[in-house]
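Student: Residue numbers for the sequence shown follow the working numbering, beginning at 134 and rising by one. Just so you know, even glycine gets a beta-carbon here, dropped at the ideal spot from N, CA and C.
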Amino acid sequence: MKRKPLLTPRSFRGKSPLQIVVLLVLAGLAYFVTDRQPADDLPRGSYEGFCTGVIDGDTLDIRTRDGTPYRIRLLGMDCMEIHNEEKMAKQARAYGQPVEAVRRLGHKARERVSSLAAGRPVTWTIPEGTRLRDPYERVLAYVEVHGMDLGELLLKEGLAEMRRDRHPKAAEYRSIAAPLAFDP
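#1: Which whole runs of the beta strand (DSSP E) in the region 247–291 are 3 residues long or more, in chain order?
#2: Could you spell out where the beta strand (DSSP E) holding GLU181 opens and where it closes?
#3: Output the distance between the C-alpha atoms of TYR164 and PRO268, rounded to the nearest integer angstrom.
#4: For ASP316, which residues from the same chain have a beta carbon less than 8 Å from its beta carbon, with the 5 sequence-adjacent residues on both sides left out?
#5: Using a Cβ-Cβ distance cut-off of 8 Å, determine whether LEU249 contacts chain B.
#6: Given this structure, state the Cα-to-Cα distance separating ALA303 from ASP199, to the nearest angstrom.
#7: Buried or exposed: which applies to LEU151, given that a residue is buried once 16 or more other Cβ atoms fall within 10 Å of its Cβ?
#8: Work out the CA separation of GLY182 and VAL278 for me, nearest whole Å.
#9: Under a three-way DSSP split, which group does LEU238 fall into?
#10: Between which two residues does the beta strand (DSSP E) containing ILE195 stretch?
#11: Alpha carbon to alpha carbon, how far is PRO254 from TYR180? Give it in angstroms, no decimals.
#12: Quick check on MET221: does DSSP put it in helix, strand or coil?
#13: With hydrogens ignored, establish whether the beta-carbon of ALA251 is closer than 7 Å to any heavy atom of the ligand MN.
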């Protein structure tokens, strides 16, 4: 028995061009969303790996022991921008600082995290009750190096500020946060 093709000119009979276009757009969106969006494949908990790079003060590249790479955003942290001029200008206005002061503080945070974590073993934890990823698809997690919480360190040294995210360490972070350490 010969099979009929799924789409034939007859299958479009009685359909307006608009209906056909809408159908094709919806099919394309379904493909994009199901095949291209990162899977929520990480259960909450702790993981071990190595820091393979530091993008800026609050973003690290980590590779797990099985070789899986992840880009991690420190949960609850926000360091000054070093890559995006528009965001730097916005931060400068918000803090009444020159753009160069924002950039310098961002570089200090990146250098501090790099000196502690780059090329070293790290533990990262995704706590219960928090979002898994941010809008840039970075995994939101606490990161520790030799038992030291990088977010806590950045806050104590005035190299980061707290984000308004809800997370288990928010009260603790709030109690230890120093003012941002802009150069005089």
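Tutor: Looking at the coordinates:
#1: 254–259, 272–278
#2: Numbered from 1 along the sequence shown, position 48 holds the residue referred to as residue 181. That run of the beta strand (DSSP E) goes 178–189.
#3: Counting from 1 along the sequence shown, the entry for residue 164 is found at position 31. Counting from 1 along the sequence shown, the entry for residue 268 is found at position 135. Bear in mind that a pLDDT of 46 at TYR164, under 50, signals an unreliable position, so the number given afterwards is only what the model happens to contain. The straight-line gap from Cα to Cα measures roughly 20 Å.
#4: In the sequence shown, residue 316 corresponds to position 183, counting from 1. Closer than 8 Å at the Cβ level, and outside the excluded window around ASP316, lie ALA234, ARG237, LEU238.
#5: As a matter of chain content, chain B is missing from the structure shown, which is built from one protein chain.
#6: Here the question's residue 303 lines up with position 170 in the sequence shown. Here the question's residue 199 lines up with position 66 in the sequence shown. So the alpha carbons of these two residues sit roughly 31 Å apart.
#7: Position 18 of the sequence shown holds residue 151. Per the 10 Å Cβ criterion, exposed.
#8: As a position in the sequence shown, residue 278 is number 145, starting the count at 1. As a position in the sequence shown, residue 182 is number 49, starting the count at 1. Between VAL278 and GLY182, the C-alpha separation is close to 10 Å.
#9: Numbered from its first residue, the sequence shown carries residue 238 at position 105. Helix at LEU238.
#10: Walking along the sequence shown from the start, residue 195 turns up at place 62. ILE195 -> beta strand (DSSP E) spans 192–197.
#11: Position 47 of the sequence shown, counted from the start, is the residue given in the question as residue 180. Position 121 of the sequence shown, counted from the start, is the residue given in the question as residue 254. Answer to the nearest angstrom: the Cα atoms are 11 Å apart.
#12: In the sequence shown, residue 221 corresponds to position 88, counting from 1. In the structure shown, MET221 sits in a helix (DSSP, three-state: H, G or I).
#13: This structure simply doesn't include the ligand MN, nor any ligand for that matter.
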